[in-house]
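Engineer: Just passing along the structure, written as structure tokens.
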Amino acid sequence: DFNPIQTQTFHELFKPSRNTLVCAASGSGKMALADFAILRLLLTNPTGKCVYVAPVEEVAEQAYSDWRVRFGGIMKSSQVVRLTGEAAADLS
180 DFNPIQTQTF HELFKPSRNT LVCAASGSGK MALADFAILR LLLTNPTGKC
230 VYVAPVEEVA EQAYSDWRVR FGGIMKSSQV VRLTGEAAAD LS
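Numbering follows the numbering used here, in which position 2 of the sequence shown is assigned residue number 181; successive positions increment by one, without gaps.
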């Protein structure tokens with residue numbers, strides 16, 4: 180079963196051809212929504228790319244690892260990449 184956030188956003192993520200930004204609380208099922216968007220991308224544009232923005236590197240790493248396992252067999256390695264914007268203070 181989908182939760183209310185997933186139910187309300189499924190059509191927007193899976194049916195039309197436009198970009199979508201989803202903002203919701205932690206634990207609200209946003210990763211499943213990202214899976215919907217990736218599946219739609221693969222169905223409509225097999226060579227396309229998807230951008231996932233995470234608040235911290237640990238979340239980005241978890242998503243990256245999950246998607247490499249989940250979609251790695253049907254996507255080229257260049258379609259599943261991880262970029263982070265985290266930076267440490269320059270103490271030198």
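Note that CB positions come from ideal geometry on N, CA and C, so glycine has one too.
Only counting the same chain, and skipping five residues up and downstream in sequence, which positions put a Cβ closer than 7 Å to that of C229?
Structural biologist: Here residue 229 is taken as the residue at index 50 of the sequence shown, counted from 1. Only A216, I217, L220 meet the Cβ criterion.
Engineer: Spatial neighbours of T223 within its chain, please: CB distance less than 8 Å, with the 5 preceding and 5 following residues excluded, ordered by chain position.
Structural biologist: On the sequence shown, position 44 is the one that residue 223 refers to. Contacts found: S196.
Engineer: Using only CA atoms, which one of R261, S257, D180 lies nearest to P225?
Structural biologist: Along the sequence shown, one-based indexing puts residue 225 at 46. Selected option, being the one with the closest Cα: S257.
Engineer: Please classify T188: is it buried, with 16 or more other beta-carbons within 10 angstroms of its beta-carbon, or exposed?
Structural biologist: Within the sequence shown, the letter at position 9 stands for residue 188. When all chains shown are included, T188 counts as buried.
Engineer: Where do the N-terminal and C-terminal ends of the alpha helix (DSSP H) with K209 fall, by residue?
Structural biologist: Indexing the sequence shown from 1 puts residue 209 at position 30. From DSSP, the alpha helix (DSSP H) with K209 extends over 209–223.
Engineer: Whole-angstrom Cβ separation of R247 and V259, contact assumed at under 8 Å?
Structural biologist: Translated into positions along the sequence shown, residue 247 becomes position 68. Translated into positions along the sequence shown, residue 259 becomes position 80. Yes, R247 and V259 are in contact; Cβ-Cβ is about 5 Å, under 8 Å.
Engineer: For F250, name the three-state secondary structure that DSSP assigns.
Structural biologist: Start at 1 with the first residue of the sequence shown, and residue 250 comes out as number 71. Here F250 sits in helix by DSSP.
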